[in-house]
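Colleague: The sequence shown begins at 7 in our numbering and counts up one residue at a time. Beta carbons are placed, not taken as given, at the ideal position from N, Cα and C, and that holds for glycine. Only a predicted model underlies this, so the values are computations on that prediction, with no experimental measurement involved.
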Amino acid sequence: MFTGIIEEKGQIMAVVPAGDSARLSVRGPIVTSDAAHGDSIAVNGVCLTVVAVDDGVFTVDVIKESLDRSSLGGLKEGSAVNLERAVRADQRLGGHIVQGHVDGTAVLRSREPGESWDNLRFSLPGELSRYVAEKGSIAIDGISLTVTTVDDDSFGVSLIPTTLKLTTMGELQVGDLVNIEVDVIAKYVERLVAGQ
Numbered sequence: 007m008f009t010g011i012i013e014e015k016g017q018i019m020a021v022v023p024a025g026d027s028a029r030l031s032v033r034g035p036i037v038t039s040d041a042a043h044g045d046s047i048a049v050n051g052v053c054l055t056v057v058a059v060d061d062g063v064f065t066v067d068v069i070k071e072s073l074d075r076s077s078l079g080g081l082k083e084g085s086a087v088n089l090e091r092a093v094r095a096d097q098r099l100g101g102h103i104v105q106g107h108v109d110g111t112a113v114l115r116s117r118e119p120g121e122s123w124d125n126l127r128f129s130l131p132g133e134l135s136r137y138v139a140e141k142g143s144i145a146i147d148g149i150s151l152t153v154t155t156v157d158d159d160s161f162g163v164s165l166i167p168t169t170l171k172l173t174t175m176g177e178l179q180v181g182d183l184v185n186i187e188v189d190v191i192a193k194y195v196e197r198l199v200a201g202q
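Okay, here's the thing in structure tokens:
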């Protein structure tokens, strides 16, 4: 489990295609400081398992399911990525419950700079719209954010200077693809109610 509080902005060092999967090497000195084989690190919100760590770089295998549901297939050497280690049971849950199980992708539709913040609007896949609520939580590329507005096919978020500076959101351009994970609690509530 993750919190959506990004620990560092990392960099893709290598992408090695392997048929319908890929192996990524990612530079992340903070997240590798205590990382070991088998640990979970979220890369742009996708929970991946560390298979090797060497001098601030970790390696992960990305299977077809993850490539199909996320934007990871578009990463290349030099791409910036958001990184977060799995939360320990004795840590504060600073953001919201993020599983690292991406529900789909969205496209940045617009970006309006403010005095010290930016307002961003993203497409919203129809099958996910019922899980997104104004003032609810959403994870975009692994970042825990609050939904400011929502309609049938889009939603908005506002980004503070810290988020703009310390995550990939500051560099995001209109038309860019991002990973989204809706609030898992909403999905469980829907399933429970449907069973009644």
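Which value, in whole angstroms, describes the spacing of the CA atoms of methionine 19 and alanine 200?
Modeller: The residue you call residue 19 lines up with position 13 of the sequence shown. The residue you call residue 200 lines up with position 194 of the sequence shown. Roughly 45 Å between the two C-alpha positions.
Colleague: Put arginine 98 into one of helix, strand or coil per three-state DSSP.
Modeller: By 1-based counting over the sequence shown, the position of residue 98 is 92. Here arginine 98 sits in coil by DSSP.
Colleague: Check whether the Cβ of glutamate 13 lies closer than 8 Å to any Cβ atom in chain C.
Modeller: Absent from the structure is chain C; it holds one protein chain and no more.
Colleague: So what does DSSP say about proline 167, is it helix, strand or coil?
Modeller: Taking the sequence shown and counting its residues from 1, the one referred to as residue 167 is at position 161. It is helical.
Colleague: When DSSP builds the beta bridges, which residues end up paired with glutamate 187?
Modeller: The count along the sequence shown starts at 1 and reaches residue 187 at position 181. Beta-bridge pairing links glutamate 187 to Ala145.
Colleague: In angstroms, rounded to a whole number, what distance separates the CA positions of aspartate 124 and glutamate 177?
Modeller: Counting from one through the sequence shown, the residue named residue 124 turns up at place 118. Counting from one through the sequence shown, the residue named residue 177 turns up at place 171. Looking at the two C-alpha atoms, the distance is approximately 12 Å.
Colleague: Would a C-beta distance cut-off of 8 Å place valine 5 and valine 57 closer than the cut-off?
Modeller: Outside the shown range of the chain, which is 7 to 202, sits residue 5, and nothing can be said about it.
Colleague: Using the C-alpha atoms, what's the distance from leucine 134 back to aspartate 45?
Modeller: Stepping through the sequence shown from its first residue, residue 45 is reached at position 39. Stepping through the sequence shown from its first residue, residue 134 is reached at position 128. The alpha-carbon atoms of aspartate 45 and leucine 134 are separated by roughly 29 Å.
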